[in-house]
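Written out below as structure tokens is the structure these notes cover.
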Amino acid sequence: MARRSEFQQIADLFAPLAASAPGALGLKDDAALLVPPAGQQLVVTVDAILSGVHYLPDDPPDLVARKLVRVNLSDLAAMGATPAGMLLACAFPRDCSDAWVEAFAAGLALDVVEFGCPVIGGDTVATPGPATFSLTALGWAPMGQALLRRGAKAGDLIAVTGTIGDGAVGLWAAQGRLTGLGVPEDACAALAARYHLPQPRLVIGQALRGLASAAMDISDGLVQDLGHVCAASGVCAEIRLEAVPLSAALQVAREHTHIADELVLTGGDDYELLLTIPPENWPEVEARLGPLAPTVIGLCREDDSAAETVRVLDRQGQPMQLAATGWQHF
Ligand SMILES: [Mg+2]
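UniProt numbering puts the first residue of the sequence shown at 1, with every later residue one more than the last.
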């Protein structure tokens with residue numbers, strides 16, 4: 001059977017994902033038209049993922065598409081933005097089947113609906129190399145109210161949403177490295193799902209506008225990413241290992257195999273939010289978020305160039321020596 005042409009692919013698989021955005025013009029024009037809502041600022045981010053680097057070559061195509069969407073929406077969440085649309089550049093390997101592309105588009109379709117974020121444009125090409133996808137996400141935030149990395153002050157609480165370390169241990173689960181160790185299957189499945197399908201914390205990011213002094217999403221490891229907030233804000237940080245929230249699945253996995261604290265602290269792919277919150281705002285954070293309120297793991301301190309920027313205290317209250325702080329791309 002002949003493969004779909006580029007134009008057939010757009011018409012059959014991608015144009016339906018633009019249906020809820022009149023400004024996307026059915027993906028039939030040269031560009032999309034957007035009208036910013038009154039008083040809102042455009043928030044734009046882009047992230048690319050590559051087969052064999054950011055996802056496993058055998059990962060199901062629908063999950064690859066959804067991870068691509070979610071890592072980008074996680075950046076919008078970190079800014080306190082509401083998703084408005086996405087632009088997608090796809091480089092499919094020459095031997096990629098129609099079925100793979102169809103499943104990829106079906107995954108996109110699920111998240112277009114789940115997050116109210118239509119595809120408003122894009123491009124598809126064939127590549128002699130590994131599959132590569134780049135997604136540009138657009139969002140809105142009330143003028144001047146987007147959350148930034150640079151507002152943390154000494155004395156602010158440091159908090160994280162959800163649980164930490166599931167992305168890194170979830171990669172082990174997805175690779176089958178937890179199989180045969182006695183880790184219950186539901187724990188393996190829960191961890192693999194956390195690796196494949198991160199949950200962008202959009203509602204939390206939006207709710208914390210005006211309350212958090214700084215925010216970012218944790219993509220490359222808690223300690224390294226906290227270092228980025230500290231550098232942007234001109235503060236140091238001290239966090240307690242004991243306070244870092246772990247999922248039930250990770251705790252169960254830990255009963256059956258060694259999972260180093262270091263992996264939890266420095267592994268990537270969690271896509272939770274890292275927040276700093278002035279203590280006087282904490283009661284309002286709890287009031288707005290209830291059970292979704294983040295977990296406090298430490299405090300911002302005055303910048304003291306003699307000490308390391310991010311200090312992690314172990315269960316005995318002693319500073320931990322970490323060989324690395326997070327994922328290095330280069
Ligand atoms: Mg980010």
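Don't be surprised by glycine CBs; every beta carbon is placed ideally from N, CA and C.
Quick caveat: nothing in here was measured; it's all calculated off a predicted structure.
- Across the set ARG194, HIS258, GLY227, the C-alpha of HIS258 shows the shortest separation from the C-alpha of VAL183.
- In the three-state DSSP reduction, PHE14 falls in the helix class (H, G or I).
- Annotation for ASP166: the continuous alpha helix (DSSP H) segment containing it runs 166 to 174.
- Uninterrupted beta strand (DSSP E) stretches at least 3 residues long and entirely within the UniProt domain "PurM-like C-terminal" (153 to 290) occur at 157 to 160, 214 to 218, 235 to 240, 272 to 277, given in chain order.
- Straight across, the Cα-Cα distance linking ALA152 with VAL244 is about 19 Å.
- Taken through DSSP and simplified to helix, strand or coil, SER51 comes out as strand.
- In this model, LEU299 and ASP156 are separated by some 6 Å (Cα to Cα).
- Taking 7 Å as the cut-off, the Cβ atoms of GLN206 and GLY80 count as close.
- Segment contact: the region 103 to 122 against the region 251 to 271, fewer than three CB-CB distances shorter than 8 Å; contact not assigned.
- Residues ALA214, ALA215, MET216, HIS228, VAL229, ALA232, SER233 of the same chain have their beta carbon placed closer than 8 Å to that of ARG149, with the five preceding and five following residues left out of the count.
- Apart from sequence neighbours up to five positions away, the residues of its chain that approach ARG194 with a beta-carbon distance below 7 Å are ASP166, GLY167, GLY170, ordered along the chain.
- Here THR161 is actually not in contact with LEU76; their C-beta atoms are around 14 Å apart, not less than 8 Å.
- If only uninterrupted alpha helix (DSSP H) runs of at least 4 residues are considered, those enclosed by the UniProt domain "PurM-like N-terminal" (29 to 140) are 61 to 78, 98 to 114.
- The C-alpha of LEU222 lies about 31 Å from the C-alpha of ALA109.
- Contact between LEU42 and LEU138 holds, with the beta-carbon distance rounding to 6 Å and staying under 8 Å.
- Setting aside the 5 residues that flank it on each side, SER74 is surrounded in the same chain by PRO200, ASP217, TYR271, each with a C-beta closer than 6 Å to its C-beta; the list follows chain order.
- For GLU308, there is no enclosing beta strand (DSSP E), as DSSP marks it with neither H nor E.
- ARG3 and LEU27 have their alpha carbons spaced roughly 20 Å apart.
- Per the C-alpha coordinates, the member of ALA190, ALA287, GLN145 positioned closest to GLY39 is GLN145.
- Separation of VAL112 and ALA105 (C-alpha to C-alpha, rounded to the nearest whole angstrom) is 10 Å.
- By the CB criterion at 7 Å, LEU208 and VAL310 fall outside the cutoff.
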